[in-house]
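Counting in this note's numbering, the sequence shown runs from 96 upward without gaps.
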Amino acid sequence: MTTLHHSATSPTPWAQRQAGTETVAWAGVQVIVLGVLECAVGLGTLGWLAGIAYAVGNQALLSGAVRRARSAFGPADRVTSARGLLVGGVTALVADGGHHTTLLVVLATVALALDFVDGRVARRTGTASALGARFDMEVDAFLILVLSVHVAVTLGPWVMVMGALRYAFVAASWVVPRLRGALPPSQARKVVAAVQGIALVVATSDLPPHPTVLVGLALASLTWSFGRDVAWLWRTAPTAPEGVGHG
């Protein structure tokens, strides 16, 4: 699902400054999105706080990553940023109680669908880098986390494992060097990642007669995927280069 986004050529200082300015602008647009939601359905205090916290945190982390990578913002990154706006909207709605099911499902569905767009844009424009891929992956991961929290209210706290596994993996890699290796490309991993979002959105819609079965199967596939990757990293640790963890 993740594809490298930024150009491999070194950006000019002006392009780097523009990238930093653009991340601030996207945070401002996120606040506008929250205002639109306020007008459409109304947002309580928790919704506004969560949405603004998301906008500020996302901007701070992305700005820091752009500075460290000395990268410019490319067209694929703008698609990912647009996805991030939708995820911010989902975050605000979930924090506000998740009562507006239709709107929540629409925003999450569009965010998931656009995940197939930014990668294609990156490939077609030749603007690819590790930072773009990481940005895409973090947006995906946070959407799954927020949706898992929402669905857990109905199905039980075990659903939050779907959103927490990836962050637990990253935390474990800080203390277990064997888990820092770069994983090989895997179509199965991409399919499993896509299934998580789809299952959680379907469960959110309240349409399936047995959502527990659907979400349980999705979690089982995710557990298998993480288990397989951990086993691979453990076996190849002596020769595996350091890189990005599970995505």
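Don't be surprised by glycine CBs; every beta carbon is placed ideally from N, CA and C.
By Cβ distance, which residues of its chain are closer than 6 Å to residue i, with the 5 residues on each side in sequence left out?
i, result
"Thr118", "Gln154, Leu157, Ser158"
"Ile293", "none"
By a C-beta neighbour count over all protein chains shown, 10 Å radius and 16 as the cutoff for buried, is residue i buried or exposed?
i, result
"Val270", "exposed"
"Gln125", "buried"
"Trp253", "exposed"
"Asp301", "exposed"
"Gln291", "buried"
"Val131", "exposed"
"His245", "buried"
"Leu312", "exposed"
"Gly214", "buried"
Check for me: the alpha helix (DSSP H) holding residue i runs from which residue to which?
i, result
"Leu344", "Since the displayed the chain opens at 96 and closes at 342, residue 344 lies outside it and no answer follows."
"Leu312", "306-331"
"Asp213", "210-220"
"Ala298", "282-300"
"Val254", "Element bounds for Val254: n/a, residue is neither H nor E."
"Leu181", "170-190"
Going by the CB atoms, is the gap between residue j and residue i shorter than 8 Å?
i, j, result
"Val161", "Val212", "no"
"Met257", "Leu309", "no"
"Thr197", "Gly146", "no"
"Ala122", "Ala150", "yes"
Suppose the cutoff is 8 Å on Cβ atoms and the five residues either side in sequence are ignored; what does the same chain contact list for residue i look like?
i, result
"Val296", "Val200, Ala203, Thr204, Leu207, Leu242"
"Pro280", "none"
Apart from the five residues on each side of it in sequence, which residues of its chain come closer than 7 Å, Cβ to Cβ, to residue i?
i, result
"Val234", "Thr175, Arg178, Gly179, Val182"
"Pro306", "Leu250, Ala298"
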